[in-house]
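Novice:
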Amino acid sequence: AEAQSSQPKPAPAPAPEPTPEQARREPEPVREAAPQPQPEAQTAAPEVQQQPRPQREPRPAPEGPPAALEAPVTVLDGVGPKNAEKLARLEIHTLGDMLYHFPRRYDDYSQLKPINRLEYGDELTILGTVQSSSVRKLHGGKRQMVEVIVSDGTGALRVTWFNQPWITKTLREGAQIVLSGKIDQYLGRLVMTNPEWELLEEKNLHTNRILPVYPLTAKLSQRWLRTQMDKVVNYWALRVQDPLPRILREEADLLDLPEALLQVHFPESWEDLRSAQHRLAFDEIFYLQLGVIQQKRQWAERTAAPFTADEAWKQAQLARLPYRLTNAQLNALEDIYKDLASSQPMNRLIQGDVGSGKTVVAAYGIAVVLMAGAQAAVMAPTSILAEQHYTSFSSLLSGEDGLLQPHQVRLMIGATPSSEMEEIRQGLESGEIKLVIGTHALLEDPVVFQNLQAAVIDEQHRFGVQQRAVLRAKGSNPHLLVMTATPIPRSLALTVYGDLDLTVIDEMPPGRQPVDTYVLYPRERERIYNLIRREVAEGRQAFIIYPLVEESEKLEAKAAVEEHRRLQ
């Protein structure tokens, strides 16, 4: 349940609502400070002039449905069919959509840091003048690097972009530029690599203002979109109706929604921005919670077939294992047994690190259902993981002295031959196959179960609510067990997966060493290589993961093929 789509529609003020034609004829003026003279160059960083903020008049309480917010963006001056098509690529179709198209970052023109005070690791926005720009070819001409020297009077900074030679046509000598990115280091000098940039608008330099930077699409400029957003936000944000009652807003110390929308687009201070983001984040989680609570209540109102087994049978099944389960695994099994014994469908999330033993817990949990002659399904996000589960569940539940015969456990993935797929479908419909492990293929319409009473879904976040519902619909309110290795904090798990009961396996089996995770800066790369050399010298192995297989002209990232040659 997405907060944005669930949010009640804002409403206009009780004053007569302008028609789309009036909105086109009478656009609100763009809020901006009066332009000031350019600061003299070039002895110091650009100085920001202090300007008084305009005082907004209080609006009357809005009433009624906001029909105008459903008006298409073409009612705005400057938004014709072509620009409307570009906005549609950003999921912006109406004036209301524009209010909820939030900035992805902000440039602070009220707090600028001069180049001579930059430090390694800084993430910030700087202003400067282009001194020179050039393009160099790298790696035998396969790649190109744009190098621009930017100065602000206190110092100069080398800025580089890869495979974007067109930048030099815009960033000519003397151009004033805004750069946003992270300060890195190369050969002992501070540099900025692949920063976001835009040409400086004179009015922005002289306004004590935090400026929004919006997500864009091809052939849509930041300046143009910001101007359109300014029109819509300034006129319509304060006419939006707040769906939360005043008493709730006061108890939670929340901004009114109209003020939050205004401040998230054009904040008057960082404190105002944080308050606005806090309010909008509250709305998202609030509506998400409403959705998951509703789902949980609806599921609790259903009835499921209860399944039980005596203690002796449970112990006999576990005795087949060549190892003892950890206390955390045993506790998780008890949670599952209690859920299965209830007439309400089980709805449980098992969370545990890789190697904590979630699979064996799931297998012996659904064994109670299989013992009663019912069917169970295990769904994984990939064919490789499905094949691994097929091997694990088969070894745990079938074979000599096993609960099932080998032919009663089958694998159904996209690569399964059509003839075998049809055989599995028939076996599931007749009830001959008791346990099927597969991928999305299990969700297809031709797959019909005779008596599906338990479903296991691995890596819950890879499947949506609708996919879970489709799998459940193939049975008569089957019990659901979800597994994930994603280390989700308990409070977050109870929020995002609030419709699921949570069990955490927080203990590793004996002999399993804990995993150490380190994050190092690029300049510390040699430390990693030294570690790999030591491990390999002792007969162990290492693997390195790269984002690309081969070098790309569009992305500046290390590629496996090139790095393989270099490391040999």
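Offset between the sequence shown (1-based) and the numbering used here: plus 1. By construction, the Cβ of each residue, glycine as well, lies at the ideal position given by its N, Cα and C atoms.
Under 7 Å Cβ to Cβ from residue 318, same chain only, skipping five residues before and after it: list those, please.
Specialist: 365, 368
Novice: Identify the continuous beta strand (DSSP E) that holds residue 412 and give its terminal residues.
Specialist: Counting along the chain, the beta strand (DSSP E) containing residue 412 begins and ends at 410-413.
Novice: In terms of residues, what are the limits of the beta strand (DSSP E) holding residue 148?
Specialist: 144-152
Novice: In three-state terms, what does DSSP make of residue 105?
Specialist: coil
Novice: Quick one: is residue 525 buried, meaning 16 or more other Cβ sit within 10 Å of its Cβ, or exposed?
Specialist: The residue is exposed, with fewer than 16 neighbouring Cβ atoms inside 10 Å.
Novice: Am I right that residue 232 and residue 77 are in contact with their C-beta atoms under 8 Å? What's the rounded C-beta distance?
Specialist: 6 Å
Novice: If I'm right that residue 326 touches residue 353 with Cβ under 8 Å, what's the distance once you round it to whole angstroms?
Specialist: Residue 326 to residue 353, Cβ: 12 Å. No contact.
Novice: Could you check the C-alpha separation between residue 457 and residue 291 for me, to the nearest Å?
Specialist: 25 Å
Novice: Could you tell me the alpha carbon to alpha carbon distance between residue 344 and residue 302, rounded to whole angstroms?
Specialist: 10 Å
Novice: Exposed or buried, which one is residue 562 when buried takes at least 16 other CB atoms within 10 Å?
Specialist: exposed
Novice: With burial defined as no fewer than 16 other Cβ atoms inside 10 Å of the residue's Cβ, what is the status of residue 489: buried or exposed?
Specialist: Result: buried.
Novice: With distances taken from CA atoms, which of 193, 173, 452 is nearest residue 162?
Specialist: 193
Novice: Give me the Cα-Cα distance between residue 410 and residue 399, rounded to the nearest whole angstrom.
Specialist: In a straight line, the C-alpha of residue 410 is about 8 Å away from that of residue 399.
Novice: How many whole angstroms separate the CB atoms of residue 241 and residue 259, which I take to be in contact at a CB cut-off of 8 Å?
Specialist: With a Cβ gap of about 5 Å, residue 241 and residue 259 count as contacting.
Novice: For residue 271, which residues does DSSP report across the bridge?
Specialist: In DSSP, residue 271 forms no bridge with anything.
Novice: Give the C-beta separation of residue 371 and residue 436 to the nearest angstrom, bearing in mind that I take them to be a contact with Cβ-Cβ under 8 Å.
Specialist: 6 Å between Cβ atoms; contact.
Novice: Answer with buried or exposed for residue 16, where buried requires no fewer than 16 other C-beta atoms within 10 angstroms of its C-beta.
Specialist: Residue confidence is low: residue 16 scores 38 on pLDDT, short of 50, so the model does not pin down where it sits. Its coordinate-derived value is still stated next. With fewer than 16 other Cβ atoms within 10 Å, it is exposed.
Novice: Pick helix, strand or coil for residue 372, following the three-state DSSP scheme.
Specialist: helix
Novice: What residues match up with residue 183 in a beta bridge as DSSP calls it?
Specialist: Under DSSP, residue 183 forms a beta bridge with 124.
Novice: Classify residue 55: buried if its beta carbon has 16 or more other beta carbons within 10 angstroms, exposed otherwise.
Specialist: Confidence at residue 55 is low in this model, with a pLDDT of 44, below 50, so the placement of that residue should be treated as unreliable; the coordinate-derived value is given next. Flag for residue 55 reads exposed.
Novice: In this structure, how does DSSP classify residue 138 when only helix, strand and coil are distinguished?
Specialist: strand
Novice: Are the beta-carbon atoms of residue 99 and residue 265 separated by less than 9 Å?
Specialist: no
Novice: Residues in its own chain within less than 6 Å of residue 500 by CB, not counting five upstream and five downstream?
Specialist: 293, 296, 297
Novice: In this structure, how does DSSP classify residue 279 when only helix, strand and coil are distinguished?
Specialist: helix
Novice: Using 10 angstroms around the beta-carbon of residue 568, count the other beta-carbons present and answer buried if the total reaches 16, otherwise exposed.
Specialist: exposed
Novice: If you follow the alpha helix (DSSP H) that residue 98 is in, where does it begin and where does it stop?
Specialist: 96-100
Novice: I'd like the list of long-range same chain contacts for residue 475, defined as Cβ closer than 6 Å, with 5 residues on each side in sequence excluded.
Specialist: 450, 453
Novice: As a quick exercise: from 439, 118, 126, pick the residue whose alpha carbon is nearest that of residue 199.
Specialist: 126
Novice: If I'm right that residue 245 touches residue 263 with Cβ under 8 Å, what's the distance once you round it to whole angstroms?
Specialist: Actually they do not touch by this definition, with Cβ atoms about 17 Å apart.
Novice: Which word fits residue 13, buried or exposed, when buried means at least 16 other C-beta atoms lie within 10 angstroms of its C-beta?
Specialist: The predicted model places residue 13 with a pLDDT of 37, which falls under 50 and marks its position as unreliable; any figure quoted below should be read in that light. Result: buried.
Novice: Using 9 Å as the threshold, is the C-beta distance between residue 444 and residue 406 below it?
Specialist: In this structure, residue 406 does not lie closer than 9 Å to residue 444 by Cβ.
Novice: Apply the 10 Å Cβ neighbour rule to residue 186 and answer buried if 16 or more other Cβ atoms are within range, or exposed otherwise.
Specialist: With fewer than 16 other Cβ atoms within 10 Å, it is exposed.
Novice: In three-state terms, what does DSSP make of residue 402?
Specialist: coil
Novice: In terms of residues, what are the limits of the alpha helix (DSSP H) holding residue 171?
Specialist: 168-171
Novice: Output needed for residue 196: all residues of its chain with C-beta closer than 7 Å, excluding positions within five of it in sequence on either side, in chain order.
Specialist: 160, 180, 181, 182
Novice: Which runs of the alpha helix (DSSP H), 4 residues or longer, sit entirely within the region 303-343?
Specialist: 312-319, 328-341
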